[in-house]
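Chemist: Supplied in structure tokens, the structure appears directly below.
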Amino acid sequence: MKKVLIICPHRVNRSPGQRYRYEQYIPFLQQNGYQFEISNLLNEKDDRNFYSNGNYFKKFLIYLKTWRIRIKDWRRMNKYDIIFIYRDALITGSTFFEKRFSRSKAKTIYDFDDAIWLQAVSAGNKRLAFLKNPAKTSKIIGLCDLIFAGNQFLARYALQFNNNVVVIPSTIDTDMYVRKDTKEDTGKVCIGWTGSPTTVRHFITAIPVLKKIKEKFGDKVEFKIIGDKNYYCTELDTQGEAWAAATEVEDLSRLDIGIMPLPDDEWEKGKCGMKGLQYMGLGIPAVMSPVGANLEIIQDGINGYLPRTEDEWVERLSMLVEDKMLREQIGDAGRQTVVERYSTNAWREKYLECFNGLIKHGN
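Under the working numbering, the first residue of the sequence shown carries the number 205, and numbering increases by one thereafter.
Right, here's the structure in full:
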């Protein structure tokens, strides 16, 4: 058995990013001769303290603990054939451990799915932004043997520092992502968004459009906000709901239309279109901003929509609200796109090939 050590921030099934980047591939790789150990920095209790406001002493203790974890990984690194690093080894700007891992007997894979060379700090840690060093991304890329980039924009960045770059899109497990018949027959068309407390700002940009839809269709439409239970949208009279891995498919299955509004900036160009792929994977028609990977995923008017202006957003959403057959047609085409191009099944052989090639090259 070939041994792999995964270096990541979060425990299994906690982070959608980790799940859609590599966790879904682990069972297939295990069937093909790979054995995994996962070394995550934060547990459930750490999450509550680390991402809240204040709690600086507790955050300092968490920081010390993360060093202890990585020192343990450093001491055992030569036991492994591959060290797989998701985003970074530490939550601060240091590349201390990536440098050590790159000098080990193991081959190193670096996986990233955001433009993390740009500064981005969680809301609860704005005062600790000085501890971050976005420039470390280029250093890590240069240290590793193989780079997995989530889209072409990220790959172009990585190629500046490493020639061995492979685009591996974030993928959906289409065997699990099957729409459930959980929607109540209220006669209302549900327009929904999924995300997190840190990305609810993107939903907020769509409120003017959604207000016009509400004014136009009245009680014929309703809205759903998944990912931030503390957010309340007064304009739409809609309370946000918590995201949970266990009920994710069931919750999304209640949507008739899924939206993914994004600003057109450098950070968002690094996004891998995950929200849209989630909708599409369940056969829910997706309406997405024409930014980043969304442009690679969507053929406008065929498997989804890419409105550029507020008027276009209102027009596309109105078409879908008014026409159930159109919703089904666009939704079915979106599902087919995911099955063929963005599913775990479609990419698992390529994923295995990359692992095997790295091992073979190292022997």
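Yeah, the Cβ is synthetic: ideal placement off N, Cα and C, and Gly gets one too. All values reported here derive from a predicted model rather than from experimental measurement.
#1: Measuring CB to CB, does Leu486 end up less than 9 angstroms from Ser457?
#2: Near Gly221, which residues of its chain fall below 7 angstroms by C-beta distance, leaving aside the five closest residues on each side in sequence?
#3: For the candidate residues Val453, Tyr435, Gly431 and Tyr436, whose alpha-carbon lies nearest to that of Ala446?
#4: Can you list, in chain order, the residues of its chain with a C-beta nearer than 8 angstroms to that of Lys392? Leave out the 5 residues immediately preceding and following it.
#5: Would you kindly check if the distance between the Cβ of Leu350 and the Cβ of Ala319 is under 9 angstroms?
#6: Beta-carbon within less than 7 angstroms of Val369's beta-carbon, same chain only, minus the 5 sequence neighbours each way: which residues are those?
#7: Would you report the Cα separation of Arg304 and Asn282, rounded to the nearest angstrom?
#8: What three-state label does DSSP hand Gly561 in the structure shown?
#9: What's the gap between the Cα of Lys416 and the Cα of Gln443?
#10: Work out the CA separation of Leu322 and Pro213 for me, nearest whole Å.
#11: Secondary structure at Asp504, three-state DSSP: helix, strand or coil?
#12: By Cβ distance, which residues of its chain are closer than 7 angstroms to Ile273, with the 5 residues on each side in sequence left out?
#13: By Cβ distance below 7 angstroms, which residues in the same chain neighbour Leu530 in space, the five residues on each side in sequence not counted?
#14: On the three-state DSSP scale, how would you describe Gly495?
#15: Would you decide whether Asp468 is buried or exposed? Buried here means 16 or more other CB atoms lie within 10 Å of its CB.
#16: Would you call the stretch 307-314 in contact with the stretch 471-484, where contact means no fewer than 3 C-beta pairs closer than 8 angstroms?
#17: What does the Cβ neighbour count give for Met179, buried or exposed, with the cut at 16 atoms within 10 Å?
#18: How about Glu241: is its C-beta nearer than 9 angstroms to some C-beta of chain D?
#19: Is it buried or exposed, Glu302, if we count other Cβ atoms within 10 angstroms and call 16 or more buried?
#20: Return the residue from the list Arg405, Trp517, Glu544 and Asp527 that minimises the CA-CA distance to Ile376.
#21: Helix, strand or coil, according to DSSP, for Phe365 in the structure here?
#22: Rank Gly462, Val542 and Phe559 by C-alpha distance to the C-alpha of Arg520 and give the top, closest one.
#23: Alpha carbon to alpha carbon, how far is Thr451 from Gln540? Give it in angstroms, no decimals.
#24: Look at the alpha carbon of Ile534 and the alpha carbon of Ile395, and state the distance between them as a whole number of angstroms.
#25: Using 10 angstroms around the beta-carbon of Asp389, count the other beta-carbons present and answer buried if the total reaches 16, otherwise exposed.
#26: Could you tell me whether the Cβ atoms of Tyr555 and Tyr229 are closer together than 9 angstroms?
#27: Can you find the residues in the same chain that come closer than 7 angstroms, C-beta to C-beta, to Phe365, ignoring five residues on each side of it along the sequence?
#28: Less than 6 angstroms between C-beta atoms, sequence neighbours within five positions excluded: which residues of the same chain meet that for Arg383?
Modeler: This is what the structure holds:
#1: Against the sequence shown, residue 486 aligns to sequence position 282. Against the sequence shown, residue 457 aligns to sequence position 253. Yes, they are a contact pair.
#2: What you label residue 221 is simply residue 17 of the sequence shown in a count that begins at 1. So the qualifying residues of the chain are Asp317.
#3: Sequence index remark: in the sequence shown, residue 446 carries index 242 (1-based). Ranking the options by Cα distance to Ala446, first place goes to Gly431.
#4: Stepping through the sequence shown from its first residue, residue 392 is reached at position 188. Closer than 8 angstroms at Cβ, skipping near neighbours: Asp423, Lys424, Val425 and Glu426.
#5: Against the sequence shown, residue 319 aligns to sequence position 115. Against the sequence shown, residue 350 aligns to sequence position 146. No, they are not a contact pair.
#6: As a first step, residue 369 is located in the sequence shown; it is residue number 165 there, counting from the start. If we look at Val369 and ignore the five residues flanking it on each side, its Cβ neighbours are Ile351, Ala353, Ala359, Ala362 and Leu363.
#7: Along the sequence shown, one-based indexing puts residue 304 at 100. Along the sequence shown, one-based indexing puts residue 282 at 78. Their backbone Cα atoms lie some 11 angstroms apart in a straight line.
#8: On the sequence shown, residue 561 is found 357 positions in, with the first residue counted as 1. Looking at Gly561 - three-state DSSP - the assignment turns out to be helix.
#9: The residue given as residue 416 occupies position 212 in the sequence shown. The residue given as residue 443 occupies position 239 in the sequence shown. Going by the C-alpha atoms only, they are around 19 angstroms apart.
#10: Position 9 of the sequence shown, counted from the start, is the residue given in the question as residue 213. Position 118 of the sequence shown, counted from the start, is the residue given in the question as residue 322. When rounded, the distance between both Cα atoms is 18 angstroms.
#11: The residue labelled residue 504 in the question sits at position 300 within the sequence shown. In the structure shown, Asp504 sits in a strand (DSSP, three-state: E or B).
#12: If you number the sequence shown from 1, residue 273 lands on position 69. Closer than 7 angstroms at the Cβ level, and outside the excluded window around Ile273, lie Ser243 and Leu245.
#13: Counting from one through the sequence shown, the residue named residue 530 turns up at place 326. Counting only Cβ-Cβ distances below 7 angstroms, and skipping sequence neighbours, we find Met523 and Leu524.
#14: Translated into the one-based positions of the sequence shown, residue 495 becomes position 291. Note that residue 495 is Val in the sequence shown here, rather than Gly. It is coil, neither helix nor strand.
#15: Counting from 1 along the sequence shown, the entry for residue 468 is found at position 264. Exposed: under 16 other Cβ atoms inside 10 Å.
#16: no
#17: What the structure shows of the chain is the stretch from 205 to 567, and residue 179 is not part of that stretch, so it cannot be assessed.
#18: This model lacks chain D altogether, as it is built from one protein chain only.
#19: In the sequence shown, counting from the first residue as 1, residue 302 sits at position 98. Classification for Glu302: buried.
#20: To locate residue 376, count along the sequence shown from 1; it is residue 172. That would be Glu544, whose Cα lies nearest to the Cα of Ile376.
#21: Here residue 365 corresponds to residue number 161 of the sequence shown, with the count starting at 1. Of the three classes helix, strand and coil, the one that applies to Phe365 here is coil, per DSSP.
#22: The count along the sequence shown starts at 1 and reaches residue 520 at position 316. For the residues Gly462, Val542 and Phe559, the minimum Cα distance to Arg520 belongs to Gly462.
#23: Locating residue 540 in the sequence shown gives position 336, where the first residue counts as 1. Locating residue 451 in the sequence shown gives position 247, where the first residue counts as 1. About 23 angstroms.
#24: As a working note, residue 534 is residue 330 in the sequence shown. As a working note, residue 395 is residue 191 in the sequence shown. Cα to Cα, the separation comes out at about 15 angstroms.
#25: The count along the sequence shown starts at 1 and reaches residue 389 at position 185. The residue in question, Asp389, is exposed, as its Cβ has fewer than 16 Cβ neighbours within 10 Å.
#26: For the purposes of this step, residue 555 is taken as residue 351 along the sequence shown, with counting starting at 1. For the purposes of this step, residue 229 is taken as residue 25 along the sequence shown, with counting starting at 1. Result yes, Cβ atoms of Tyr555 and Tyr229 sit closer than 9 angstroms.
#27: Numbered from 1 along the sequence shown, position 161 holds the residue referred to as residue 365. So the qualifying residues of the chain are Ser342, Ile345 and Gly346.
#28: Mapped onto the sequence shown, residue 383 falls at position 179. Hits under 6 angstroms: Ser457, Leu486 and Gly487.
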